[in-house]
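**Student:** Residues in the sequence shown are numbered from 764 upward in steps of one, following the numbering used here. Ideal Cβ positions, reconstructed from N, Cα and C, are used throughout, including at glycine. Okay, handing you the structure first.
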Amino acid sequence: MVRSWAVYPGSFDPFTLGHLDVVERASRLFDSLVVAIGVNNEKRPLFSAEERTELIRLSTAHIKNIEIKVYTGLTVRFVKEIGAKIMIRGVRPITDIPAELTMMMANRRLAPEIETLFMIADGDLAHVSSSLIKEISSIADETAFAKFLPQPIVKTVINKLRNER
């Protein structure tokens, strides 16, 4: 029996309901899914790689066929190094498609054996982004954040955002 698996890379800073939607859907399509947290040493993320790992672990505790890994460098190189052939990319229909298509074409040049599978965000979540979470932090309460974040991490994210101000 051939086992199928894929990698869902991202910065996940913080992990949102949009990310969770993609993880849940992709986990039903593959025997195993690696949620890969990209670390860019040139950027200053809100959450450390360890904190993002914990946020994802708490948010996905109900999903049994995922693994969380941290990587640095080119995403396509990481996907290739761990032996995956499929990379999942969650896209919001209006904002992400041009950049994701450009990245897919570049990745195809770098690693033609790796296919990119685009998963369009659920209609109710198409506007949710990590940037939006950061932007509303000064005005949103716990109830508002629960519309954008997985319930197990709402308080942790609020506390972090408020302490960073």
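1) Taking R840 as the reference, which of I899, M866 and N870 has the closest Cα?
2) If we ignore side chains and look at the alpha-carbon of each, how far apart do V854 and I860 end up?
3) When you compare only the Cα positions, how much space is there between R852 and N926?
4) Following the continuous alpha helix (DSSP H) through F778, name the residue where it begins and the one where it ends.
5) Can you tell me which of the three DSSP states M764 falls into?
6) Is DSSP giving A869 helix, strand or coil here?
7) Determine the closest residue to E817 out of T879, D776, F793 and A789, with distance taken between C-alpha atoms.
8) Less than 7 Å between C-beta atoms, sequence neighbours within five positions excluded: which residues of the same chain meet that for H782?
9) Inspect the beta-carbon positions of L796 and I829 and report whether they are closer than 8 Å.
10) When you compare each of L888, E787 and S767 to T858 by their alpha carbons, which one comes out closest?
11) Is it buried or exposed for A799, if we count other Cβ within 10 angstroms and need 16 for buried?
12) What residue does the alpha helix (DSSP H) around A907 start on, and which one ends it?
13) Run the CB neighbour count on T823, radius 10 Å, all protein chains shown included, and call it buried at 16 or more, exposed below.
14) So what does DSSP say about R852, is it helix, strand or coil?
**Tutor:** From the atom records:
1) Along the sequence shown, read from residue 1 onward, the residue named residue 840 stands at position 77. Among I899, M866 and N870, the Cα nearest to that of R840 is on N870.
2) Stepping through the sequence shown from its first residue, residue 854 is reached at position 91. Stepping through the sequence shown from its first residue, residue 860 is reached at position 97. Their Cα atoms are separated by approximately 7 Å.
3) By one-based count along the sequence shown, residue 852 stands at place 89. By one-based count along the sequence shown, residue 926 stands at place 163. About 31 Å.
4) Sequence index remark: in the sequence shown, residue 778 carries index 15 (1-based). Looking at the DSSP string, F778 is not in any alpha helix (DSSP H), and its letter there is neither H nor E.
5) Locating residue 764 in the sequence shown gives position 1, counting from the first residue. Low per-residue confidence applies at M764: pLDDT is 47, beneath 50, and the placement is therefore not dependable enough to give any value.
6) The residue labelled residue 869 in the question sits at position 106 within the sequence shown. Three-state DSSP puts A869 in a helix.
7) By 1-based counting over the sequence shown, the position of residue 817 is 54. Minimum Cα distance to E817 is reached at D776.
8) As a first step, residue 782 must be located in the sequence shown, where it is residue number 19. Once the five neighbours on either side are set aside, the close Cβ partners of H782 are G773, F775 and G853.
9) For the purposes of this step, residue 796 is taken as residue 33 along the sequence shown, with counting starting at 1. For the purposes of this step, residue 829 is taken as residue 66 along the sequence shown, with counting starting at 1. Result yes, Cβ atoms of L796 and I829 sit closer than 8 Å.
10) As a working note, residue 858 is residue 95 in the sequence shown. When only C-alpha atoms are compared, the closest one is L888.
11) Translated into the one-based positions of the sequence shown, residue 799 becomes position 36. That one is buried.
12) Within the sequence shown, numbered from 1, the residue matching residue 907 stands at position 144. Looking at the DSSP string, the run of the alpha helix (DSSP H) that includes A907 is E905 to F908.
13) As a working mapping, residue 823 is identified with position 60 in the sequence shown. Counting Cβ neighbours within 10 Å, T823 comes out buried, since at least 16 surround it.
14) Mapped onto the sequence shown, residue 852 falls at position 89. DSSP places R852 in strand when its eight states are reduced to three.
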